[in-house]
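A quick write-up on the structure given underneath.
Numbering (mature numbering (1 follows the signal peptide of the UniProt record, and there is no 0)), first residue to last: -23 to -1, 1 to 254.
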């Protein structure tokens, strides 16, 4: 995919919002939300503002199993390798999985759109035992027509350009502590931890392609797998969502930090997989 030199970005670290000026994005027209009220403070999270995460994908095989994913471009969805099942269906522009169209008060969004999968591409070295290389691409059966509630996420082309992040944001329809699986898209703010913290917390195996994030009282949980771990960045005066992680695994109680696949380290795999599939 061609990108203009004007889209070069670096990370000047801020806790909630990064300003980046020296790297390229996989998709230059990425990470934009058409809902201004997005800085909200999925266990112990809160309902996300409608259209605040237009890059989110609801991944399901029409059973009790479901995951999250994120839109990379008009044909590919990024998710976790352990979320790849037979007969997957994807819903884009989703907020409330029980209604269509979705509304928050008088604020309504267009109907969600359902897509099938032409091909699932899992990392050839994915290890289900220790969750290493827990990453996959889903090639859609038709192209996406982007609109206000369906947009791609930002992915950096140069891993060295990734900002140093103190807090992340995550979205998903995963299990919550009090209410089981929610039907409304949830969001939560998570702290960044060093890998040793996750290793000590629940004896997690980690390597340099994984990161640790969470909160003492909340984390992603069952059903959030495959969803994006993001941060807000300011590029060329526009606030954008940048994906740095994919929800991989964590403790069964969902009450301590979890492990995420570190996306910048897989950009070459992502680009090659798109090229040959």
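Even glycine gets a Cβ: it sits at the ideal position worked out from N, Cα and C. Keep in mind the model is a prediction, meaning the values are calculated, not measured.
Since residue i contacts residue j with CB under 8 Å, what's their CB separation in whole angstroms?
i	j	result
residue 32	residue 128	6 Å
residue 221	residue 145	7 Å
residue 241	residue 133	5 Å
residue 204	residue 147	6 Å
residue 113	residue 61	5 Å
residue 3	residue 49	6 Å
residue 246	residue 43	Going by Cβ atoms, the distance from residue 246 to residue 43 rounds to 25 Å, so no, they are not a contact pair.
Per the DSSP calculation, residue i is bridged to which residue(s)?
i	result
residue 47	33 and 55
residue 213	None, per the DSSP bridge assignment.
residue 169	190
residue 223	205 and 238
residue 149	163
residue 144	168
residue 218	209
residue 2	133
Is it right to say residue i is buried, meaning 16 or more other beta carbons lie within 10 angstroms of its own, or is it exposed?
i	result
residue 80	exposed
residue 102	exposed
residue 121	buried
residue 143	exposed
residue -20	Only weak support exists for where residue -20 lies, its pLDDT of 38 falling under 50; the coordinates are left without a value.
residue 63	exposed
residue 177	exposed
residue 238	buried
residue 54	buried
residue 13	Caution is warranted here: a pLDDT of 42 is assigned to residue 13, below 50, making its placement in the model unreliable, and the coordinate value is therefore given only provisionally. Classification of residue 13: exposed, given that the 10 Å Cβ count is below 16.
residue 105	exposed
residue 111	buried
Please state whether the Cβ-Cβ distance between residue i and residue j is less than 8 Å.
i	j	result
residue 118	residue 92	yes
residue 207	residue 225	no
residue 161	residue 24	yes
residue 130	residue 115	no
residue 29	residue 10	yes
residue 126	residue 86	yes
residue 7	residue 248	no
residue 67	residue 36	yes
residue 136	residue 244	yes
residue 27	residue 254	no
residue 191	residue 234	yes
residue 181	residue 175	yes
residue 201	residue 45	yes
residue 159	residue 150	yes
Next on the checklist: Extract the residue ranges of the beta strand (DSSP E) inside the segment 54 to 135, only unbroken runs of 3 or more that lie entirely within it.
Outcome noted: 66 to 69, 90 to 99 and 113 to 117
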